[in-house]
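What follows is a short report on a single structure.
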Amino acid sequence: MSKQNILVINSGSSSIKFAVINPQNEHEYVSGLAERLSQPEARIIWKQDGEKTIYDMPNADHDIVCQKILHLLEEQQLTETLAAIGHRVVHGGEHFKASTLINDDVVQAIEDCKGLAPLHNPAHLLGIRITQKYFPNLPQAAVFDTSFHQTMPPQAYLYAIPHSLYRDHHVRRYGFHGTSYRFVTGEACQRLNIPVNESNILCAHLGNGCSAAAIYHGQSVDTTMGLTPLEGLVMGTRCGNIDANIFNFLHQQLGYDIDRITTLLNKESGLLGLSELSNDCRTLEEAMEQGHEQATLAIDVFSYVLAKSLSGLASSLDHIDALIFTGGIGENSRVIRAKVLQQLRIFGFQLDADANANNGKNNKGIITTADSPVALVINTNEELMIARDAAQLAGC
108 MSKQNILVIN
118 SGSSSIKFAV
128 INPQNEHEYV
138 SGLAERLSQP
148 EARIIWKQDG
158 EKTIYDMPNA
168 DHDIVCQKIL
178 HLLEEQQLTE
188 TLAAIGHRVV
198 HGGEHFKAST
208 LINDDVVQAI
218 EDCKGLAPLH
228 NPAHLLGIRI
238 TQKYFPNLPQ
248 AAVFDTSFHQ
258 TMPPQAYLYA
268 IPHSLYRDHH
278 VRRYGFHGTS
288 YRFVTGEACQ
298 RLNIPVNESN
308 ILCAHLGNGC
318 SAAAIYHGQS
328 VDTTMGLTPL
338 EGLVMGTRCG
348 NIDANIFNFL
358 HQQLGYDIDR
368 ITTLLNKESG
378 LLGLSELSND
388 CRTLEEAMEQ
398 GHEQATLAID
408 VFSYVLAKSL
418 SGLASSLDHI
428 DALIFTGGIG
438 ENSRVIRAKV
448 LQQLRIFGFQ
458 LDADANANNG
468 KNNKGIITTA
478 DSPVALVINT
488 NEELMIARDA
498 AQLAGC
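This is the structure:
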C-alpha cells in the first residue's frame, strides 16, 4: 500500500482524538479516542469497520497512549502507509493565516500563543512533540481553528477597549471552529452550485461549544467567539455573551474570586446552568417534551440568542445564499433548527417540516421550502479537512 494516508491528531489536556484518513478517496481506516489520560479510568476507544474496541489503560499518560496507538496502527499495517501527520491546534493568534508545516519556529509561535489558549495549546504542543519522537521522518502540519478568521476586518475583530491592549497584548476577537467552517462552506457551495469566491453564507456550528460566522466570498468576515471560546452564543456549559461587570458583581456580592467566576461562566453555565439538568441537548429536548420548564427555557434561550446573532452577522453580507447548520446539535436537533428559522422569518425562511424531520437527507441537506432562502444541514468533517491540508502541505 502506497504512502497516501494521513494520521490526524487532536491532543487535549486529558484526551487524544485520532484517525487515519486517505484525503484522496476520503476513506477513514480507523478512528479513536484516548480519554481520561493519567487517571485510573484511562482507556482507548478504537473504531474500525463499524466495530468498537476498548482498551483499558489505567493511569496511562499521553506518551504511553501514543505508544499503544502506534502499536495498534502497526498491527493493522497502517504506519507504513502514512505520508504525514496533521495536528489540530486551537489558537494560532495572528501568527498564522493558514495551515503550515511544523518546524521549530512554528512550535515556538504556538508556544507564544499559549496565554491565549492555556487549556489547549500546551496540550497540542505535547501531542506534536510526542509524534515527532515516534515519527521523526514524517512531515507534520498544524491546522489552526483561528486561521480561517484572520480575514476579518478590524471593525469585526477589535474590541472597544484601549487600543494599547490590542497593540501590545494582542487582545482582540479571534474566532474558532475555522476548520469546520471551511469544510461546510465548500460542501454547501458544491451542493448548491455556487462558486465559493462568490458565496454569501451564514453558518452555525453547534455542539457543546457553539459559534456562528458570516462568510463572504469564501472568507470569514465576522464570527461570534472572541479572544477565547467563551464569547458569543449560549453553549453547553459556557454562558456566551454576558455583561463583563458580572465579575465585579459576583466578587462583591458573593465573595467569588476570579478563578471561581471563570469556572462558573465556562463550566457551570449555558444549557447546564439554565436547565439545572444537563448540558446535553438530547436530554433537554426529552425533558422539554415531558414538561420540564427549565429545560424548555434553556432551549428557548439557546435558540433565541442564536437567531439574534445570525441576524447581526447578516449585516456583513450582501445577501444570504445559504444558512448552514452543523456540529452535533446543528446536525441533529430538529427542534432547535425549527425554532431558529421561525425566529429568522424576517429574512423569509420557511421550514419544510418533513425535510427537517430527516435532517434534509433526501434533498442535499436542504430543510427549507422551494420559495424560501436556503437553510441546510451539513455534517462537518474537521478530520478530513486537517488530512487534506496536511497532504497538500506535505506534497502528497
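Following the working numbering, the numbering of the sequence shown begins with 108 at its first residue and continues without gaps.
Just so it is clear, CB atoms sit at the ideal spot from N, CA and C, and this is done for glycine as well.
Source: prediction; values computed, not measured.
It is roughly 42 angstroms from the alpha-carbon of Ile171 to the alpha-carbon of Arg444.
Ala482 carries a strand assignment under DSSP once its states are collapsed to helix, strand and coil. Annotation: the continuous alpha helix (DSSP H) that includes Cys296 extends over 285-299. Each residue's CA atom was taken as its position, placing Gly316 and Tyr241 some 32 angstroms apart. Leaving aside the five residues that flank Leu309 on each side, the residues in its chain whose CB is nearer than 8 angstroms to its CB run, in chain order, Ala319, Ala320, Ala321, Ile322, Leu417, Leu420, Ala421, Leu424, Ile427, Ala429, Leu430, Ile431. Sequence-distant partners of Val447 (beyond 5 residues in either direction) whose C-beta falls short of 7 angstroms from its own C-beta, in its chain, are Ser410, Leu413, Ala414. Residue pairing by DSSP puts His134 in a beta bridge opposite Asn129.
Annotated three-state conformation of Gln174 is helix, per DSSP.
The alpha-carbon of Tyr288 is positioned some 23 angstroms away from that of Gln450. Taken through DSSP and simplified to helix, strand or coil, Tyr273 comes out as helix. Judged by beta-carbon spacing, Ala501 lies beyond the 7 angstroms limit of Pro130, meaning their Cβ atoms are not closer than that value. By the criterion of a C-beta distance shorter than 7 angstroms, Glu375 is surrounded in its chain by Thr344, once the five residues flanking it on both sides are discounted. Residue pairing of Thr475 in beta bridges, as defined by DSSP: Leu458. For Asn112, the enclosing beta strand (DSSP E) starts and ends at 112-118. Here Glu489 has Thr286, Ser287 as same chain residues with Cβ atoms under 6 angstroms from its own Cβ, once five neighbours each way along the sequence are excluded. Residue environment for Pro336: buried (at least 16 other C-beta atoms within 10 angstroms of its C-beta). Exclusion of the five residues before and after Asn228 leaves Val196, Val197, His198, Ile217, Glu218, Cys220, Lys221 as the residues of its chain whose Cβ lies within less than 8 angstroms of its Cβ. DSSP lists Ala320, Ile431 as the bridge partner or partners of Cys310.
Membership of Ser327 in the beta strand (DSSP E) is indicated by the continuous run 326-330. Out of Pro480, Phe456, Ala477, Glu392, the CA that lies nearest to the CA of Asn439 is found in Glu392. Using a 10 angstroms sphere on the CB of His276, the tally of other CB atoms stays under 16, which defines it as exposed.
With three or more CB-CB distances shorter than 8 angstroms, the segment 170-189 counts as touching the segment 148-161. At the C-beta level, Ile365 and Gly234 stay beyond 7 angstroms of one another. For Val250, the uninterrupted beta strand (DSSP E) run begins and ends at 247-251, by DSSP.
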